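Numbering (our numbering), first residue to last: 37 to 607.
The block underneath contains the structure these notes are about, expressed in structure tokens.
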């Protein structure tokens, strides 16, 4: 770790240095130079209105915005810069002229940055954890915490070269604060990628319980259901018992494919009424039929005999009906447009264009993280953030399919590397589900099948929770006595999509693999990200061969000077 304070007589970071080379810092690091680096942490927190004494802005703090949406108590935001040594931007610094950093940084980040490996690992959102320590003998943080909203505050990590300005620094991480602890001399900030955003409900509206469009009084405070893509047997909510109005989604949908009472399909009378009032007071629906109304609502002509369910082509999303995993996940992560974090849309392309169906019932809270966890497992993917804090989708790649972006040789890999062979027998068969039944029904809830009523095929389908597609090497599975495949839930519409997901998993885990932990110099890994491939050639690690490391973990250590790479590599 570099010294906390520059030695007596030393030039502070950012002072003008004669004869500065014109080569950018990142390029110099890539070609093997070892300049002296300085670590920076920048915290940007929203300002809270205080009726007591106003917070005095510290050195290095600068207001960075005006009124922030979210409530009148939020007056704006403050950005504070910390470093592990004295630093001041020179007068001609294009980004931070004359700005001082608070030289109180002790440990510039203890990072655990590791994506899930196995399909069964449930956490696929908010997979990054870190902590950072500061001296606090002047009680700066005590005052700062009282005047700023800490949870969800942005935290950026970057490095620069000692003796130079801020125009040539390298940002290597950006995340959010999720809590803190402090004692008489130090404060430790905890960070978790996207926690304050990902742990918010995916549902966007609640029933007022005021009657009519607000729903019946028992529904007060309940979330309104959400339906995306092609959904089978959704349990639509009865929001107006007096008028027999049911609603499967908060807004417009593409189509009601089928409406059923106790499994028996009800016919549509062909009418779509223009307003809620017209639907509520309509009395022209023929017995045994239903009428469509605004915002996905329907009205039954008769009191239902049992459970009312629907097959639905759901939300029209931003620009019209879409049913792919990528489109639905992007829509939910953006809060339906009501809150739009910066999303790197191009990274969602790792998700195949599979049709899915996703129903989020309003009687329970489902977070954005829950949705990501559910949808991404069959893709061996997870939610991540890039160095600018944008939401991205990263995917665990087969080493033979990974795109190689760099190479590590004999002199790049430090001591304490570790190789662990994955458990055997490895996975030779995988079952992935499709055609999810969102309301599995019992025999007692269904009418008996008949030639003129409920067909036997539909009767059986309504009693099944989901169907499964399989892929793998069945011959090897018999040798290793694993005829039954590991089961993984998917939300796919078709068997073809589910089988492709199962094949993706068995193609990866059906071969001999090892888990590799490879430490390298911190600056050597500044250009590496989870999902990248790296060619590794080392006499001990690879036996002199060149093998591809498919990275799922990059844990930077700016204070220790070491970054730990974790990945999959062939035996």
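Where is the CB? At the ideal position from N, CA and C, for every residue including glycine.
Treat the numbers as computed from the prediction; the structure is a model and nothing was measured.
Could you check which residue in 304, 262 and 306 has the C-alpha nearest to that of residue 285? 262
Quiz item: Do the stretch 525 to 535 and the stretch 470 to 477 touch if we need at least three Cβ pairs shorter than 8 angstroms?
Solution: yes
Check: From what residue to what residue does the beta strand (DSSP E) around residue 457 run?
Finding: 454 to 457
**Message:** So if DSSP puts residue 351 in a beta bridge, which residue, or which two residues, is it bridged to?
**Reply:** 289
- Buried or exposed: where does residue 308 fall if 16 or more other Cβ atoms within 10 Å of its Cβ makes it buried? exposed
- Item | Beta-carbon spacing of residue 140, residue 180 below 9 angstroms | no
Name the DSSP bridge partner or partners of residue 598? 557
* **Cutoff 7 angstroms; reference residue 256; Cβ partners in own chain excluding five residues on either side** => 243, 244 and 245
DSSP three-state call for residue 259: helix, strand or coil? strand
**Item:** Residue range of the unbroken beta strand (DSSP E) whose run includes residue 226
**Value:** 222 to 228
Report the CB separation of residue 153 from residue 432 in whole angstroms; it is logged as a contact under 8 angstroms.
6 angstroms
- Item | Exposure of residue 59, with buried meaning 16 or more beta-carbon neighbours within 10 Å | exposed
Exercise. Apart from the five residues just before and just after residue 479, which ones in its own chain have a Cβ nearer than 8 angstroms to its Cβ?
Worked result: 499
Could you give the first and the last residue of the continuous alpha helix (DSSP H) run that contains residue 492? 492 to 499
Check whether the stretch 328 to 343 and the stretch 285 to 304 are in contact - that is, three or more C-beta pairs closer than 8 angstroms. yes
With a threshold of 16 other CB atoms inside 10 Å of the CB of residue 417, please say whether the residue is buried or exposed. buried
Q: Tell me whether residue 346 is buried or exposed, calling it buried when 16 or more other Cβ atoms sit within 10 Å of its Cβ.
A: buried
Three Cβ pairs or more, each shorter than 8 angstroms: is that satisfied between the stretch 586 to 598 and the stretch 565 to 572?
yes
*Own chain residues within Cβ distance below 6 angstroms of residue 562, not counting five before or after*: 206 and 208
**Top-ranked residue by Cα proximity to residue 476, from 116, 78, 189 and 494** = 494
Own chain residues within Cβ distance below 8 angstroms of residue 529, not counting five before or after: 265, 266, 359, 390, 391, 392, 393, 470 and 471
Inset, instruction - Could you tell me whether the stretch 310 to 318 touches the stretch 276 to 284, where touching means 3 or more Cβ pairs closer than 8 angstroms? - result: yes
Q) Hey, residue 114 and residue 160 are a contact pair by Cβ (cut 8 angstroms); roughly how many whole angstroms apart? A) That pair is no contact at about 33 angstroms.
Point to revise | For residue 184: DSSP bridge partner residues | key: 83
- Under the rule that 16 or more other beta-carbon atoms within 10 Å means buried, what is residue 378, buried or exposed? exposed
Query raised in the report: What separation, rounded to the nearest whole angstrom, lies between the Cα atoms of residue 600 and residue 364?
Result: 34 angstroms
What residues in its chain sit with their C-beta under 7 angstroms from that of residue 578, if we drop five residues either side in the sequence? 572
Which whole-angstrom value is the C-beta distance of residue 465 and residue 503, which I expect to be below 8 angstroms?
Rounded, the Cβ-Cβ distance is 16 angstroms, inconsistent with contact.
Is DSSP giving residue 276 helix, strand or coil here? strand
Delimiting residues of the beta strand (DSSP E) encompassing residue 302: 300 to 302
Report yes or no: do three or more beta-carbon pairs, one from the stretch 445 to 455 and one from the stretch 185 to 196, lie closer than 8 angstroms? no
Going by DSSP, which residues form a beta bridge with residue 345? 296
Next on the checklist: Out of 204, 253 and 386, which one is the CA nearest neighbour of residue 130?
Outcome noted: 204
- Message: Our contact map puts residue 428 next to residue 361 with C-beta atoms below 8 angstroms; I'd like the distance itself, whole angstroms only.
- Response: About 15 angstroms separates the two Cβ atoms, so there is no contact after all.
Can you grab the Cα-Cα spacing for the pair residue 70 / residue 217, in whole Å? 35 angstroms
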